[in-house]
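Following: one structure in structure tokens, then a few remarks.
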Amino acid sequence: MPVEVLIVLGSKTDSEVGKKAGSLLDEFGVEHEMVVASAHRTPDLLRDLIRNTPAKVFIAVAGLSAALPGTIAAHTTKPVIGVPVSGKLNLDAILSVSQMPP
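Structure below.
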């Protein structure tokens, strides 16, 4: 079956949150794939993933300023779900994701 959801992690340190999202998708039988691609460190890789995936939905998992959901949304018309990762400076991640336009 083709991938329906692409879970994009901003870094490997976001993998625990990504795994939780993947487990929930597994419970509902949703095909998914998880990749690491940074909006800042690997923008070309991220752009290529967005353009070439058969996924219908993106889940962007990132901390700090959480630029990842906005960057993905800038390259697609498909739905993007932003998931902030808590850490030392989690307030900025939460606020930046919550203020993203639909």
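The sequence shown begins at 92 in the numbering used here and counts up by one.
All C-beta atoms in this analysis are idealised placements derived from N, C-alpha and C, irrespective of residue type, glycine included.
This one's a predicted model, so the numbers in the text were calculated from it and none came from an experiment.
Nearest to residue 99 by C-alpha distance, out of 168, 117 and 158, is 158. When C-alpha distances from residue 132 are compared across 92, 176, 102 and 141, the shortest belongs to 102. A contact is defined here as three or more CB-CB pairs under 8 Å, and the stretch 158-168 fails this definition with respect to the stretch 108-116. Judged by DSSP in its simplified three-state form, residue 170 adopts coil rather than helix or strand.
Under DSSP, residue 98 takes part in a beta bridge, and its partners are 125 and 150. Residue environment: residue 115 is assigned as exposed (fewer than 16 neighbouring CB atoms within 10 Å of its CB, all protein chains considered).
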